Structures are given as C-alpha cells and as structure tokens.
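If you read the protein sequences in the order shown, they are chains A and B. So the mapping is simple: my numbering equals the position in the first sequence, first residue as 1, plus 85. So the mapping is simple: my numbering equals the position in the second sequence, first residue as 1, plus 132. All residues carry an ideal CB built from backbone N, CA and C; glycine is no exception. All of these numbers come straight from a predicted model, not from anything done at the bench.
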Amino acid sequence: MKQYLAIIAMDIKLALRLRAVIFFNYLFPLFFFFGFAKFLGRSQQLGGMVYVVNMSITFGVLGSGFFGAGIRAIQERELNILRRYKVTPITPAPLLVGSMVTGWIIFLPYIVLLLLMAHYLYQMPMPAHMLQLLVFISLGLIAFRSLGLVIASVANTMQEGTILVQLCYLPMVLLSGATVPEDTFHGVVKTIHNFMPATYLVKGMRSMMLDGQGLADKANLAAAGVMLLTILGGGLISMKLFRWEKEEKIRGRAKLWVLVVLLPFIVMGVWTWWRG
Amino acid sequence: MSTAPVIHVQRLQKSYDKVEAVKGIDFQVAQGEVFGLLGPNGAGKTSTIEILEGLRPRTGGEATVLGFDPDRQKQQLKDRIGVCLQATNLPAKIRVQEALELFGSFYTRSLSSEQLLKRLQLWEKRAAFYETLSGGQKQRLALALALVNDPQLLFLDEPTTGLDPQIRLEIHGLIEEMKSEKRTVVLTTHYIEEAERLCDRVAIIDEGKIVAMGTPRELQQKSAERSRIDIVTEQPMNGAALPQWPDALESRLAEGGRSLTVYSSRPARTLFEIMKWLDQQGMQLEDVHLKRPTLEDVFVELTGKKLRD
C-alpha cells in the first residue's frame with residue numbers, strides 16, 4: 086500500500102508540473118467547450134448544451150486515456166525511467182494502478198467544473214442523478230486509461246505507439262457520436278459506430294444528462310459493466326505484457342491481446358447490431 | 133561474522149540470440165570486499181552484473197547473491213541490494229528529495245532522505261528538478277538512490293563513465309567511504325586507475341571470459357612486462373661505463389648523461405645495485421622514479437589489445 090500511495094502522490098505532482106498535461110486535460114477541452122457552446126449550445130436538435138458538454142468530456146477522456154496514460158507510459162520506457170524502477174522491488178501493479186488513479190483524480194474536478202459552468206453560464210439543467218453520472222464518467226475515464234496502458238504494453242517504439250493511439254483516438258472521436266451526430270450514421274458507418282468503445286460512454290452520458298436516466302437503466306448498466314470489465318481486463322493484460330526497457334521487444338502475436346481488452350465492446354457491438 | 137561468499141558464480145553464461153556475451157565465468161566475492169570487473173566495452177561486464185542484479189536471466193550456470201538466486205528470488209534480492217546503473221534517468225520534473233523518498237518507499241527499510249542528501253552533498257539541491265542537475269550531481273543522486281535502502285551489497289556499473297576528472301575523483305571518494313563502511317561493492321569499469329585505486333580484487337574480462345583475477349598487485353606482478361626505473365643525477369654519467377646490473381633488461385642514458393632509464397624484471401634488486409654504483413662513483417642523486425606495470429599492461433599482455441580499443 087505504501088508503494089501505491091507514494092506512486093499516486095508523485096504522479097499527481099509530476100502531472101501538474103507538466104504544461105502538456107495542463108493543456109490537454111484542462112485547456113484543450115475548455116477550448117472546445119466555450120467554442121462549441123457559442124455555436125451549438127442552443128441547438129435543440131442536438132440536445133443543446135448537453136451535446137457540447139458530452140463532446141468536451143469525451144475529448145478529455147479519450148485524450149487522458151490514450152495520450153495521458155498510453156503515450157506517457159511509452160515515453161517513460163523509451164527514456165529509461167522505467168528501467169531504474171526495475172532494479173527496485175516494485176512490481177508493475179503500483180505503476181499501472183497509479184496511472185489509472187492519477188488520471189481520475191486529475192480529470193474529475195474538471196468534469197465537475199464543466200457541468201457547473203454549463204449549468205450556471207448556459208442554463209443547462211443539472212443532471213437528475215449527478216453522483217451516478219460522475220461514477221459512470223469515472224468508469225469511462227479509467228477504462229480508457231486502461232486501454233491506453235494496453236497500447237503502451239504492445240507498442241515497441243514511440244512511433245508505433247503514436248500510430249496505434251491515433252488509429253484508436255481519431256475514429257472514436259469521429260464515430261462515437263461525440264462530435265458527428267449519431268443520427269447521420271448509416272450502413273457500415275453505423276455498424277462501426279456500434280463497436281466503438283467511446284460510443285457507450287457518449288450514449289450513457291447523453292441519456293443521463295438529457296433524459297434523466299440513472300445507472301439502473303439497462304443500457305447504462307450494461308455500458309458501465311463493459312467499462313468495468315475493460316478496466317479489469319486491461320489492467321491484467323497490461324501487467325502481463327509490461328516491459329521495463331525499450332530493448333525488450335514484444336512479438337507480433339502478443340499484440341492480439343488488444344483484441345481481448347476490446348472484447349466486451351465487441352460483444353456489445355454484436356448485441357446492438359443484432360437487435361437492429 | 134559469516135565467511136560464506138556474498139556472491140558465488142559458477143560457469144555463468146549469457147547469450148543474446150546467437151551472440152555469446154558471457155562464456156562460462158567463475159568467481160566469488162567475499163563480504164566487505166570491493167570487487168572489480170575490468171574490461172573493454174562489449175567484454176561482458178554489464179551482462180554479468182545485470183544477471184547478478186536480477187535484471188537479466190542467465191542462459192546457463194549458477195549464481196547466488198546474498199543466498200538468493202537472482203532469477204528465481206528477484207524481489208527478495210532487490211530489497212537487499214543497491215544498484216547504480218550505467219545510465220540512469222528520472223522524470224525531468226521530479227525534485228531531488230522527492231526522488232529519494234519515492235524510491236525509499238519501494239523498500240521494506242529505507243534511510244532518511246535528509247541524511248543521504250547531506251552525505252552525498254546534495255542537500256542544497258534537495259528542491260531542484262532533476263533536469264536542472266549537472267552530470268556530477270545526477271551521478272551523486274544515482275549513488276544516493278543506490279544507498280536508499282542501506283544495502284550491504286552494492287552494484288555500481290561504470291559509475292564514473294563520461295564524467296569530468298574532478299567529478300570522478302569525488303565519486304571515487306564516495307566509493308572509498310562505502311568501502312570503509314564494510315559494504316560489499318561490485319564495480320564494473322574500463323578505467324585502470326579506478327580499478328587500481330578502489331578494488332581489493334579485480335577480474336579482467338575480455339570477450340565474455342575472465343582472463344585474470346587477483347588483487348591489483350598480484351596481477352601486476354604476474355605480468356612479464358618490465359618495470360621502469362628513472363634516475364636523474366646532478367653530474368653526467370657519461371664518463372663511467374654502465375655496468376650490467378642484475379635483472380636489468382635494458383639501460384639508456386639521455387639528457388647529456390644525467391638521466392638514466394633502466395628496465396628490470398626485479399626492480400627492487402636492480403635499484404639497490406644502481407644506488408650502490410652511484411655511491412661508488414660519487415654521483416649526487418637528484419631524482420628517482422619507479423613505475424610498475426599497470427593493469428592495462430597486464431591486459432595488453434594477456435589479450436594483445438588495449439582496454440580502450
């Protein structure tokens with residue numbers, strides 16, 4: 086426990102000292118929030134400010150997961166920082182758990198701030214089940230950090246990791262319904278949309294903010310369950326594939342473990358597609 | 133006090149794909165000893181030390197460190213040893229004292245960060261970010277991290293490579309302090325003077341094999357290389373015929389007959405005879421210098437190449 090607390094405390098201090106973290110966790114999502122609030126905040130067709138808040142949070146969650154957790158983990162390995170940890174008794178578990186918890190602690194205040202600003206500045210109704218919404222978003226945040234850490238585990242170089250992150254990040258931003266409205270998707274695009282992990286985060290947040298649904302709603306409960314499975318599966322796989330040194334390369338076949346982490350979302354996608 | 137060796141290595145082997153980096157080496161390290169692995173780059177020093185630290189699995193042979201198998205009992209071993217890696221890096225924005233406290237939390241037992249910082253002359257830099265430290269300060273921090281769990285066994289992999297001579301001397305002083313505290317130290321280096329100054333025993337390693345092992349003095353005496361005696365007198369020795377001194381291999385006069393250089397396989401005996409002769413000739417002695425073969429001379433003799441090739 087001492088190791089876990091020490092890692093988390095240090096990670097938070099380090100994160101708050103990095104300009105990139107301040108920018109991508111706070112300033113970048115705020116830019117989208119204020120920018121899109123001006124143009125789309127009154128659009129009833131899209132759900133008004135709920136759409137804008139949903140988009141800002143999704144940007145933040147995906148950024149935190151893929152860049153904050155994933156790219157940072159690859160960077161620490163490439164810079165030989167993890168190598169120094171390797172000669173101590175510490176195992177991968179505190180480092181991985183520390184990354185997930187730190188991301189949550191840093192980003193959660195921003196989510197609360199965003200919801201308060203949307204309510205007081207743009208008259209967005211406060212969600213009926215605020216605490217349940219925060220729990221749902223927290224699960225999403227940690228699940229995507231877990232995905233980011235799995236990508237870090239299977240990428241052999243920073244270049245490879247950047248490609249994998251972009252292959253995940255951009256489609257999720259565009260096809261989850263966070264930016265491009267879900268109603269515009271048809272055919273193959275609609276099918277892909279149903280398999281996007283971020284889709285369930287976006288849908289759940291929308292139903293809780295717009296329709297007053299809580300976690301007890303079946304669809305939201307299923308989404309929360311899938312994200313929880315992702316956290317557990319991602320954590321275990323990250324530990325299994327964890328590498329301390331850049332010279333330790335992972336074989337091609339081992340990268341298929343990413344599909345195992347995405348399995349819960351694949352199952353959800355198949356179920357949604359089958360239900361039509 | 134236990135007399136069992138702290139480190140026992142037998143027929144140790146390490147291969148990377150088809151490259152054999154360590155080809156079956158044997159050695160033991162006693163408690164409180166400073167043991168050096170001396171050899172050129174690529175000799176197998178780092179591979180050997182990393183196997184003993186539990187960083188790399190061995191391909192063959194046996195190794196026991198503090199009674200633990202480095203492959204099978206990694207966590208127990210790592211809790212008891214201190215390691216200074218050849219290249220250490222820490223997060224740029226971590227402060228010096230924070231780094232010590234963080235790493236201290238990884239062990240079951242750790243020393244006070246304040247105590248370590250004062251000892252390693254880093255107290256004034258305790259709040260500085262890692263990225264702002266000089267090369268010497270970073271190396272002192274690396275040594276502090278190696279000492280954070282108060283280990284009885286330390287592994288130092290090339291601790292002064294790339295540092296200025298002044299900083300190297302400072303680091304040598306710190307290592308000598310560790311020696312005086314009866315800590316066991318295993319040190320890898322390709323610097324002769326470092327091995328000669330710091331090590332109780334040295335294993336010269338080349339192409340994955342130990343080619344010689346012993347105290348620096350024993351290794352120097354094994355060498356068939358010649359010791360050199362330089363004599364400078366106030367008056368020229370030109371007029372006197374130089375005798376054939378016992379065990380002298382070659383004699384040369386220079387500087388107008390005032391400087392005499394004699395190569396000898398038994399310098400003490402030869403020097404004694406030279407002094408007697410000078411006294412008989414009534415010559416006044418100005419300077420005497422004796423240079424014994426170095427470990428580099430030993431290395432060249434055994435391998436046919438220089439340490440820095």
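Exercise. At a Cβ cut of 7 angstroms, what residues of the stretch 312-338 of chain A count as close to chain B, listed as they run along the chain?
Worked result: Residues passing the 7 angstroms Cβ filter: none.
Exercise. Do A:PHE124 and A:CYS253 have their C-beta atoms within less than 8 angstroms of each other?
Worked result: A:PHE124 places its beta carbon 8 angstroms or farther from that of A:CYS253.
Problem set entry | Whole-number beta carbon distance between A:ILE236 and A:VAL250, since they are thought to touch under 8 angstroms | 6 angstroms
Exercise. At a Cβ cut of 7 angstroms, what residues of the stretch 283-296 of chain B count as close to chain A, listed as they run along the chain?
Worked result: none
Exercise. With a cut-off of 8 angstroms, does the C-beta of A:ARG102 fall near any C-beta of chain B?
Worked result: yes
For this session: Taking A:ARG157 as the query, report the chain C residues whose CB atoms sit under 9 angstroms from its CB, ordered along the chain.
Result: Considering every chain present, this structure includes no chain C. Its protein chains are A and B.
Exercise. Is A:ILE196 helix, strand or coil by DSSP?
Worked result: helix
Exercise. Which whole-angstrom value is the C-beta distance of A:SER238 and A:GLY320, which I expect to be below 8 angstroms?
Worked result: A:SER238 to A:GLY320, Cβ: 11 angstroms. No contact.
For this session: Would you kindly report the start and end of the unbroken beta strand (DSSP E) that includes B:ARG333?
Result: 333-338
For this session: Let me know the secondary structure DSSP gives B:GLY164 once reduced to three states.
Result: coil
Exercise. Quick check: the stretch 165-177 of chain A against the stretch 338-347 of chain A, are there 3 or more CB pairs under 8 angstroms?
Worked result: no
Exercise. Which bits of chain A does B:PHE200 rub up against, with CB to CB less than 7 angstroms?
Worked result: Chain A residues near B:PHE200: none, gap ~12 angstroms exceeds 7 angstroms.
Problem set entry | Extent of the continuous beta strand (DSSP E) run through A:LEU99 | Note, A:LEU99: premise wrong, no beta strand (DSSP E); alpha helix (DSSP H) at 87-102.
Exercise. How long is the line joining the alpha carbons of B:MET133 and B:PRO425, rounded to whole angstroms?
Worked result: With a pLDDT of only 46 at B:MET133, under 50, the local geometry of the prediction cannot be trusted, and the value read off the model is given with reservation. Their backbone Cα atoms lie some 36 angstroms apart in a straight line.
Exercise. Hey, A:VAL138 and A:LEU199: beta-carbon distance below 8 angstroms or not?
Worked result: Taking 8 angstroms as the Cβ cut-off, A:VAL138 and A:LEU199 qualify as a contacting pair.
For this session: To the nearest angstrom, report how far apart A:ALA304 and A:TYR170 are at their CA atoms.
Result: Their backbone Cα atoms lie some 42 angstroms apart in a straight line.
For this session: Work out the CA separation of B:LYS408 and B:ARG384 for me, nearest whole Å.
Result: Going from the Cα of B:ARG384 to the Cα of B:LYS408 covers about 18 angstroms.
For this session: Mind checking who B:ARG384 pairs with in its DSSP beta bridge?
Result: B:THR393
Exercise. For the stretch 381-395 of chain B against the stretch 353-369 of chain B, are there 3 or more C-beta pairs whose distance is under 8 angstroms?
Worked result: A contact exists between the stretch 381-395 of chain B and the stretch 353-369 of chain B.
Exercise. To the nearest angstrom, how far is it from the Cα of B:GLU246 to the Cα of B:ALA231?
Worked result: 12 angstroms
Exercise. Taking 8 angstroms as the CB-CB limit, is B:VAL432 close to chain A?
Worked result: Taking CB atoms only, B:VAL432 has no neighbour in chain A less than 8 angstroms away.
Exercise. Do you know offhand how far B:VAL138's Cα is from B:LEU306's?
Worked result: 22 angstroms
Exercise. Under 9 angstroms Cβ-Cβ, which residues of chain B neighbour A:ALA237?
Worked result: Simply none; closest approach about 16 angstroms.
Exercise. Secondary structure at B:LYS146, three-state DSSP: helix, strand or coil?
Worked result: strand
Problem set entry | Cβ neighbours of A:SER261 in the same chain (closer than 6 angstroms, five flanking residues each side left out) | MET281, ALA283, THR284 and VAL287
Problem set entry | Partners in chain B for A:MET243, counting only beta-carbon separations shorter than 8 angstroms | Correct list: empty, because the minimum Cβ distance to chain B is about 15 angstroms.
For this session: Would you identify the three-state DSSP class for B:GLU433, choosing helix, strand or coil?
Result: helix
Exercise. Name the chain A residues that come within less than 7 angstroms of B:SER237, Cβ to Cβ?
Worked result: LYS87, GLN88 and ALA91
Problem set entry | Buried or exposed (CB count within 10 angstroms, at least 16 for buried), B:ASP441 | Bear in mind that a pLDDT of 47 at B:ASP441, under 50, signals an unreliable position, so the model cannot answer this.
Exercise. Can you name the residues that DSSP bridges to B:GLU194?
Worked result: B:GLN142
Problem set entry | Rounded separation between B:GLN208 and B:TYR239 - CA only | 10 angstroms
For this session: State the Cα-Cα distance for the pair A:ARG157 and A:LEU348, rounded to the nearest angstrom.
Result: 25 angstroms
Problem set entry | Simplified DSSP assignment, three categories, for B:MET310 | helix
Exercise. Nearest-angstrom Cα distance between A:TRP359 and A:LEU344?
Worked result: 20 angstroms
For this session: Classify A:TYR136 as buried or exposed, calling it buried when 16 or more other Cβ atoms lie within 10 Å of its own Cβ.
Result: Buried, by the Cβ-count rule.
Problem set entry | Range of the contiguous alpha helix (DSSP H) that encloses A:THR143 | 134-147
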